[in-house]
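**Student:**
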Amino acid sequence: MKLFKLSLAAVVAAGALSSVSAAPLEEAIKDIDVSGFGRYRFQSTDTRPAIGDKSRNTFHRFTLDVNFKATLDDNFFSVIGLRYDTRDIVGSHNKAYSGIANTHGGLSGVNGGWGGGHGDSFSVRQYYVGYTAIPYTTVLFGRQPAGTFFTDDIVATGLKVAVNPVEGLTLAALYYTNFENDGDLANIQFDPRVTGNPAWRYNSNTGAWDTRFGESAYIHQKNLWGVAAIYQNEMLDLQAWYAGLNKVADLFAISAGADYAISDDVSVRGTAQWAHTNLAGEFKDNHGRTAWSDGAVANSNFYGFDLGASFYGFDLDAGYLTYGKEDKTSVHTLEDAGSLIKPGEELINYTEINGKHKIWFGTAAYTFDAYSIGVDYVNDKVKNTGGDLKADEWVVRAGYKYNDKLSFKAWYSMVTEKDGDIKDKSDRFRFDARYKF
30 MKLFKLSLAA VVAAGALSSV SAAPLEEAIK DIDVSGFGRY RFQSTDTRPA IGDKSRNTFH
90 RFTLDVNFKA TLDDNFFSVI GLRYDTRDIV GSHNKAYSGI ANTHGGLSGV NGGWGGGHGD
150 SFSVRQYYVG YTAIPYTTVL FGRQPAGTFF TDDIVATGLK VAVNPVEGLT LAALYYTNFE
210 NDGDLANIQF DPRVTGNPAW RYNSNTGAWD TRFGESAYIH QKNLWGVAAI YQNEMLDLQA
270 WYAGLNKVAD LFAISAGADY AISDDVSVRG TAQWAHTNLA GEFKDNHGRT AWSDGAVANS
330 NFYGFDLGAS FYGFDLDAGY LTYGKEDKTS VHTLEDAGSL IKPGEELINY TEINGKHKIW
390 FGTAAYTFDA YSIGVDYVND KVKNTGGDLK ADEWVVRAGY KYNDKLSFKA WYSMVTEKDG
450 DIKDKSDRFR FDARYKF
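Those letters in the sequence shown? Residues 30 to 466, per the working numbering, in order.
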């Protein structure tokens, strides 16, 4: 499970361009730390629907992320992070499996919103200032890793405050006014109406139907605020979270994890999680709420557990997840899986949930020297009025860790979705070579 740490020591960051005083720059900046990674990725996805055309999407991708962290004086530090991201599409994707040209194919910038077009971007991904003069407190202001339970690796612009009153305990508060719009962000429209075209909507404030005009807006264009209490030590990981997305949803989560070493070669672990999403009234109004129905969207509860053991190189895990509501759409995370339990690679999606999901899963892996192999199995049954959708995912994994900085990983995912007599299949292969510095 991903661990969230807001303490200054856990901020992996980047450097400063100016001083906070009139002192010369070389005197104000006492030291600069450089960190980051370079990654090459190859990915190929085949989609084979029962109805419609087959498609293949294959690309090479290179990402370079360089972060500079500079100490300005005893109380201030500054961070700047640069990212170059580029993708080369393999073949033309206008027709299935054509593969006749090497073109970007009109792909939008990888670092969407802040990057360039044509599949590549170079941007200042992070720039923020930290303040540490208040005892046990770190204040971060600017564009920074969002670092919430409901997001993965996106950056956001705003303010974050973390207090560490005792060892292992972090109390945090945050307020962001803008998100990076990357490919893993939830794509549920705040207001599905199209500019200039009237649409009848039920107004819960007046109790009447009216016609309103407006422009569609998405989750990344909304303000986010939140608070968290986190306690972590060698054995426990306890987290409680609240986040509010302006006029969209209130998100809650509690996660409790434990890892106990019986001996040097044997350990057991477990994680239990609960999450709740309470959608805002205006969000429901914009998705068809009436006096008799919440419309197309609904509040949702998530319950999940994962039990595992490690012994003599083997790692085994099994668990159960349930979330969503029949015939409705909801959301539990804003980007990717956040910190919710997520086995497999492709089947589970917490950013846009349709129907009631019940999932059983199991994973197994074996590590020997620098090599690792593994397999995941996920079984998902989705309940809607029209019938149950049954889906399975198998993932085969392999990895090689050359040293602490250089590693190689590959996985192959096979997803089958069956709705009555209709069966859709998709496969995805990914290879990563990553160097950390």
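Ideal Cβ placement from N, Cα and C applies to all residues, glycine included. The structure displayed is predicted, hence computed values, not measured ones.
Excluding five sequence neighbours on each side, which residues of the same chain lie with their C-beta closer than 8 Å to the C-beta of G416?
**Tutor:** These residues qualify, in order along the chain: D448 and G449.
**Student:** Please classify Q218 as buried or exposed, where buried requires at least 16 neighbouring CB atoms within 10 angstroms.
**Tutor:** exposed
**Student:** For the putative contact between L203 and G187, defined by C-beta atoms under 8 Å, what is the C-beta separation to the nearest angstrom?
**Tutor:** 7 Å
**Student:** Could you have a look at F312 and say whether DSSP puts it in helix, strand or coil?
**Tutor:** helix
**Student:** Count the other CB atoms within 10 Å of the CB of P164; is the residue buried (16 or more) or exposed (fewer)?
**Tutor:** exposed
**Student:** Return yes when the Cβ of K385 is within less than 9 Å of the Cβ of G353, no when it is not.
**Tutor:** yes
**Student:** Closest to D60 by CA distance: which of S401, L111 and D103 is it?
**Tutor:** Considering only alpha carbons, the answer is D103.
**Student:** If we require 3 or more residues per run, which beta strand (DSSP E) segments fall completely within the region 71 to 114?
**Tutor:** 84 to 100
**Student:** Across which residues does DSSP place T199 in a beta bridge pair?
**Tutor:** I259
**Student:** Given S455, which residues of its chain have a CB within under 6 Å of its CB, disregarding the five upstream and five downstream residues?
**Tutor:** T76 and V444
**Student:** I think F331 touches L369, with their Cβ atoms under 8 Å apart; what is that distance to the nearest whole Å?
**Tutor:** The Cβ separation is near 7 Å, so the contact holds.
**Student:** Cα separation between Y379 and D182?
**Tutor:** Rounded to whole angstroms, the separation of the alpha carbons of D182 and Y379 is 15 Å.
**Student:** When DSSP builds the beta bridges, which residues end up paired with P174?
**Tutor:** V184
**Student:** Nearest-angstrom Cα distance between S339 and F437?
**Tutor:** 22 Å
**Student:** My output table needs one value for H361: the three-state DSSP class, helix, strand or coil.
**Tutor:** coil
**Student:** Name the residue from F397, K452 and G81 whose alpha carbon lies nearest to the alpha carbon of G428.
**Tutor:** Nearest C-alpha to G428 among F397, K452 and G81: F397.
**Student:** What does a CB cutoff of less than 6 Å around H316 pick up in its chain, not counting 5 residues either side in sequence?
**Tutor:** G324, A325 and V326
**Student:** Measuring only the C-alpha atoms, how far is L93 from G110?
**Tutor:** 10 Å
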